[in-house]
Amino acid sequence: MLLISTAEDNKKKATLMATLKAAEYIETSGPILSTQEVGNVFLEEQQRILNISVDKRPRTSSALIFSQLSRFLNIKQVYICGKAFIIENKNQKVNELIERLSNLTNSEKIVNDKIAAAIGDIFQDSLAYVDTKKARDVLKALFAQATSTKFVTKLQGVTNKTSTMNARDELRTKLNQFQDIQRTSGVVRNDMTNEQQRRLTKRIVEKRKKNEAKLQQKFDRRGRKLKVEEFPEMSKIIENVFETGSTDDKRGGGLESHPRLITTTRYRTPDNVTFMRQAREIVLACAPSNFTVSLSSCYNYTENYRQNSHEAKRHHAGRNINANISLHRPPRDAVVDDKLVVNLHWSTCNVNYTVDTAIGKENAYVLDSKDAKRIVLADSCPVQKPGKTWKNIHLPDHDWDQSRTNAITPMSHLFLEPCVTHKETIPLLLNESDMYITPVEESSLILHVTRTGRAVTLLNLSFFEPETTSRTFNEIFLLLTKPSLDFVFRNPVSGKLKENFIFVTDNGPAESPASPLVKLWLARMLKFLNLDSISQISFAEYHSKRNFVERVHAAENEVLSRDHFSSKLVHEKAEPGSREHKENMEEMACRVEKCIQQAKFNGKVLQVFRGVADNIIFDDEERLQTFLSFSEEKKQECTWTYNTIQNDITESLSVVWNVDTQNFTGQYTNDYMLVNNAFVEERTAWNDKYQTTLWRPDNAWIGGQQQRNKLQPIPDYVRWFKTNEFHYLTLERNSRITCSVQGRWNTVPGLFLPSRLLDMLFKINCHPPDDTFHEISLLLWIPETEVRRYFKETNDQQLKSFEEDKLKEKWNGTSLYKKNSMSQLQEKCKNAGLQTKGLKHHLVQRLYEAGVESTPPTESQLKVESVPETVKEIQNLTTAQIKGLLRNHGFTIIGNRDELILRLYLVGKGYHHLVFYHQQKEILNTINDAEQLVLEERQDYLRHPEDTYRKRTHSTQQVKNPIPNNSQINLENLHKIFEKLKSYLRIRMEVNRDKGAEFLKEKNIGCSKDMPVRTNLEAFFEIGTKVKVRWSADEIKDTGWKPGWYVAYVQSADSYEDQIVVEHPSKADELYTLDVSPLVAEGSLKLG
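Take the sequence shown: its letter number 458 is residue 458 in full-length UniProt numbering, and every next letter is one higher.
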């Protein structure tokens, strides 16, 4: 060891260390070893230390090896039949051992002689007879393995042993690769016999073996090198250029994943302005000086080709050397009929907030993304584009039937396991020149997250088990009883049920979070399972593809496309709904279950179970619907209760999860109060259009104290100022601001929901000034083009509705309309050869124009002066007449009939400025909230310039619409970006006030601009006036009062704002503010 430590030369060091390695090998593997074997150990260790990589090492003579090792080791070399061996030199007698080994060698020589005598004269001809080099190599390798390389070379009649040695050495590697292909090519198909499966496996193996041979091409390729072999980084550079080249200037671009994530290839976004010419220039700049590549060759290193075509060969298909991008547009990424969905960004951010909050808290949260897949039909193709099948079947043309008679409905659940795959840092958004602060060394963090998990599918009989809200919630109880899903629902720390459930659904009618029925079911599940919280959230309309479970459907379709299902497996003939029909469908469900069980998602086999069927715990959906149809007063008085139905599921819930299924009793009224925040002590519900979250009404938390509000998307105005892009606050910054500063964002769900604000702005004025659209888009946080499109489409919609109402009024007075039902009119149209589709008045119009009805319709006209002054008189008008009067006074006509009646009543009283007073006030309050948030965001960026952004590992990048800011805007006056919009709203109120005064003047009623005379309403604004107020059950909640009329006295009044403050004698210490005109119109306020 002293000798090694003093060695100065690296090569000498390596030689000495390799010698020690050889000595250890001789000691452990002795007593006698081949010199070549010891030499291989010596040389491999020497090359490893010197970090030398050699594919093929030339043979070193035995004498040279012994000469090198004997300098430091006490060894002896002996020759047995001409072959050198090494033994330890201990002066022992080795003659007897050498003699025995010589005899053994002689026996091998005898075998070789027999082989040479048997096939020696035909061996060379046999090698020449085979067609491929691979076959010759296998033949030589097998004989060399059985005998020796020298012997095989002698049989060939050549002197060079290199080709035989190479064939022998490569045989084991190639056989391992082939065995791996055989092992991974096996198939299990229910529609095939064992012999058919064996033949299919054989064909798959042959095809994969050929592809592997094409990839290697070690001996067949004699031409020039590929460009990617000359410069291996070329593909990576091309991919990076298209990914980042057009995003540096914040104009969008980049790459996006396939919308359904069925391939890892990424596509160009619609606004990507990078061209291959630019990518080629960057490749040449980074490559060695002698490297050249043409523009067409650059295209050949992308995924722009059709599978199984000559183009695919030119693009090196299957060789994994291309840039993993396609310059084509991704398929199937358009919204149906190009619908305008203004809430898409808001709802997506809302879902991401909820899911990201659960990251790191997997022990307490169950995240279930669920959706019903398209039905699986019998006697037809299960999917629209079927794959190959071995079954000998004949399917009819045009068989895409959507009836539920003979079909199975798979309900897919994806229990999310969100995680962070990797992290990266980026420069800060703001620097010291932006905010006048001292430099900081922090950097922002990007977390790359995935939205995958464990997939489960439940199968329901479409005819007997329709998709209802009741069934979707009862399925959760079924999943709780499955042992294979215990890890999903059980808290590993406490060993009990997880305390918080979150469901991500499509925004369909049966699962919409805004549905009253869904809310009552959530309240029921919260109490029944004793949870801390339960939520149901969804994405915006027409964008169900964003639901995470949609990717499971692709895996299901893949296996379903290879199969076919019959509706006559048990009984050849069966009437729909009969026992025989159900038995046929049960058997079909078993076949579908076996088929889908072959699918894999996230590397795991799909778990498939039969649906809940008749094992329902709660079966009172009709009664729930009846309860929801009650008035608010009747709901409060209702004493209906519900209990569990005892079956196998309730028994399992009781045993496994300790749920009290025997004694549980719920009350509809209590659930309704919980959903509507009727408990004064604590907030129990957070409801907006795309989310419903409920908390336990008491504070007996199981998993710790929770905040009784939800993070909602809040615009990031500072980031917009820097990037001209619309982003909502990140999760961490949003939590910091909303928790430290109290505001309406903590109490008003959907505060910045675009559709909520757009509806109010449209009602105020359907034609706002052109210079206000920019500020409206900033308040709504959607592009200005979408704002303009919304106003245009909604205005067209209200005009179309008005024309339809006028048409109905025109024809509903005819005898044909009054004396015939809808079915009778359809029959008349059919007999007359006319279309039978449309509403009733459409059919009457067609019959009149065809000459069946001879009496012409009468049209009624109502002039402006005839606006009724009482609600009862207005109610006698038709909807078309009400809308016509409102249009004449310059007001929008969108809304239901009750809203239109109240609107016209206020116009008739000269309260033009109060028609949309509440909408204008709410918009102004929201603007004040936005201005306050701008100040808070600016302060937070000063205190915390670093941020944490989240990005999907396999993201689908959306088109970015930059919204440039005004050149006069800076961070100091960023909170003043809504000045024009505020001025417009105030002016609008003054204009409506002037209209009211002018209207009263035309009616010969004296008035003044500051306080117009209110005729029979002016008595309400006199201090001390006795009035009667009707309080509903929803308004009094649990104060102890009963719904009805209560006497009160006016304490103060503001006729300008149309408000009075009253005091009830029974509640002398409390004051109530009332809006006079709406309450009088509703009949809830009158003089005492």
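All C-beta atoms, glycine included, are put in the ideal place defined by N, C-alpha and C.
Here the structure is a predicted model, which means the values were calculated and not measured.
- Residue pairing for Cys829: DSSP places it in no beta bridge.
- In the DSSP annotation of this structure, the continuous segment of the alpha helix (DSSP H) that includes His842 starts and ends at Lys840 to Glu849.
- Bridge partners of Cys419 according to DSSP: Thr450.
- By the CB criterion at 7 Å, Ala364 and Lys496 fall outside the cutoff.
- Residue environment analysis places Met822 among the exposed positions, since fewer than 16 neighbouring C-beta atoms fall within 10 angstroms of its C-beta.
- Ranked by Cα distance from His315, the first of Lys519, Ser235 and Leu377 is Ser235.
- By the C-beta density criterion, Arg719 is buried, having at least 16 other C-beta atoms within 10 angstroms.
- Spanning the alpha carbons of Gly910 and Gln920 requires a straight line of approximately 18 Å.
- Check the Cα spacing between Arg591 and each of Arg562, Asn992 and Glu239: the tightest is with Arg562.
- Distance from the CA of Asn272 to the CA of Asn322, rounded to the nearest whole angstrom, comes to 20 Å.
- Beta-bridge partners assigned by DSSP to Lys1026: Tyr1049.
- By alpha-carbon distance to Asp620, the top candidate from Ser777, Ala554 and Tyr642 is Tyr642.
- Residue pairing by DSSP puts Gln607 in a beta bridge opposite Val456.
- Cα atoms of Ser815 and Ala832: separation of roughly 18 Å, rounded to the nearest angstrom.
- Assigned with DSSP and collapsed to three states, Ser444 falls in strand.
- Minimum Cα-Cα distance from Phe123 among the listed residues Ala378, Trp1031 and Arg136 corresponds to Arg136.
- Rounded to the nearest angstrom, the gap between the Cα atoms of Ser412 and Leu517 is 21 Å.
- When the alpha-carbon of Ala997 is set against those of Leu906, Ile204 and Leu522, the nearest one is in Leu906.
- Listed in chain order, the alpha helix (DSSP H) runs fully inside the segment 905-955 are 917-943, counting runs of at least 4 residues.
- By the criterion of a C-beta distance shorter than 8 Å, Asn896 is surrounded by no residue of its chain, once the five residues flanking it on both sides are discounted.
- The residues Ala364, Glu499 and Asp532, in chain order, have a CB closer than 6 Å to that of Gly703 in the same chain once the five nearest residues on each side in sequence are set aside.
- Beta bridge pairing from DSSP links Gly1044 with Trp1031.
- The straight-line gap separating the alpha-carbon atoms of Ser163 and Lys174 is approximately 16 Å.
- In this structure Thr472 touches Ala510 by the C-beta definition: roughly 6 Å separates them, less than 8 Å.
- Within the same chain, Cβ atoms closer than 7 Å to the Cβ of Glu475 are found at Met411, Leu458, Gly611 and Val612, the five residues on either side in sequence being excluded.
- The residue among Arg268, Ile894 and Glu558 with its C-alpha nearest the C-alpha of Asn240 is Arg268.
- DSSP places Ser629 outside both helix and strand once states are collapsed to three, so it counts as coil.
- For Gly157, same chain residues with a beta-carbon under 7 Å away, outside a window of 5 residues either side, are Gln124 in chain order.
- Phe627 is positioned such that its CB atom lies closer than 7 Å to that of Tyr668.
- Taking the Cα of Asn10 as reference, the smallest distance to any Cα among Asn51, Gly30, Phe42 and Ala23 is reached at Asn51.
- Ala118 counts as exposed, since fewer than 16 other beta carbons sit within 10 angstroms of its beta carbon.
- Taking all protein chains shown into account, Gln646 has fewer than 16 neighbouring C-beta atoms within 10 Å of its C-beta and is therefore exposed.
- Between Pro783 and Ala599, the alpha-carbon positions lie close to 41 Å from each other.
- Lys806 is a Cβ neighbour of Ala880, given a cutoff of 7 Å.
- Annotation for Arg266: the continuous beta strand (DSSP E) segment containing it runs Arg266 to Arg268.
- The C-alpha of Leu142 is placed about 15 Å away from the C-alpha of Val130.
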